[in-house]
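Sequential numbering from 150 applies to the sequence shown in the numbering used here. What follows is a short report on a single structure.
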Amino acid sequence: MTPTPHIGAQKDQVAKKVLMAGDPLRAKFVAENWLKNPVLYNEVRGMLGYTGEYNGQMVSVQGHGMGIPSIGIYSYELFTFYDVDVIIRFGTCGAMDPNIKVGTIIIADSATTDSNYGYQFNLPEGYKATASPELVEKAEQVAKELGYDYIKGCVFSSDVFYDESGKQKAMWVNDGVLAVEMEAHALYTNAFAKGKKALTILTVSDNLTTGEEMPSEQRQLGLKRMIDVALGI
């Protein structure tokens with residue numbers, strides 16, 4: 150079924166490997182600055198998607214929006230209807246460990262959540278979704294080769310950006326969560342359900358424990374490092 154309700158591309162317009170970003174303009178930036186001869190294949194709902202060449206390999210980069218429901222739709226359609234084999238999401242996160250500095254890369258080998266997204270797959274409450282081990286291993290290898298500081302571990306995919314209860318922060322710390330973001334768990338769950346491969350690579354934009362925030366001039370560098378690792382896998 151292509152095009153789908155959310156992706157206006159024919160099946161052969163999307164590569165087998167897709168990088169995904171929450172912000173569609175970030176996807177556009179990556180396509181225009183890293184890929185050779187990028188071609189726009191989607192602009193439905195403003196969620197831009199491009200396919201181009203990187204080191205002789207066809208790669209797509211696609212926006213996914215914010216939160217588990219949004220990435221759940223886009224990654225499901227890519228895996229199911231476009232036969233995508235690998236999705237690597239890149240984005241920012243808030244660190245919980247006070248020792249993690251802003252700008253650090255986090256390779257999310259697993260993700261917990263407060264979302265009920267896994268219910269459709271009969272997954273138990275509290276299910277820890279995991280990234281594809283071979284992608285985690287390769288990401289570590291690439292980061293080391295490039296000399297980029299990184300940490301590997303579990304992240305929390307929250308359904309809430311503004312938590313007025315104040316309860317979640319303590320829960321995250323007690324669970325040994327490195328950082329908080331909003332999408333990895335759904336991506337990993339879809340990959341598991343469809344027999345595909347997935348990974349999330351994050352840059353720490355702020356530390357929710359110490360209050361440290363990444364200066365605006367460092368954000369571009371953080372993005373570059375994430376993309377270098379994602380494309381090097």
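Here a beta-carbon is modelled for each residue, glycine too, at the ideal position from N, C-alpha and C.
Query	Result
Residues bridged to Y203 [DSSP beta-bridge criterion]	Q206
Status (buried if at least 16 other CB within 10 Å, exposed otherwise) for Q211	buried
Secondary structure of S354, DSSP reduced to three states	strand
Cβ distance (whole Å) where R374 is taken to contact T352 below 8 Å	7 Å
CA-to-CA distance, P152 to T358, given in whole angstroms	44 Å
Chain C contact for E283 (CB, 9 Å cutoff)	Looking at the structure shown, chain C is missing, and only one protein chain is on hand.
Cutoff 7 Å; reference S219; Cβ partners in own chain excluding five residues on either side	H213
Identity of the residue in T200, G381, Q367 and T261 nearest L284 by Cα	G381
Spatial neighbours of Y179 in its chain, beta-carbon cut-off 6 Å, leaving aside the 5 residues before and after	First, the amino acid is wrong: residue 179 is Val here, not Tyr. So the qualifying residues of the chain are V210 and I376.
Where the alpha helix (DSSP H) through S219 begins and ends	I217 to F230
Spatially closest choice to Y266 from D246, D308, K287 and M215, by CA coordinates	D308
Cβ-Cβ separation, T261 to S275 (assumed contact under 8 Å), whole Å	Sequence inspection shows Gly at residue 275; the Ser mentioned does not correspond to that position. The pair is a contact, with the Cβ atoms about 7 Å apart (cut-off 8 Å).
Whole beta strand (DSSP E) elements within the region 290-343, 3-residue minimum	299-306 and 328-330
Which residues DSSP lists as bridging T262, in chain order	S306
Between the CA atoms of L227 and E362 - distance to the nearest angstrom	34 Å
Rounded Cβ spacing between S354 and G243 (contact assumed at less than 8 Å)	7 Å
The region 224-239 touching the region 167-181, judged by at least three CB pairs closer than 8 Å	yes
Cβ-based burial, K160 [other Cβ within 10 Å; buried from 16]	exposed
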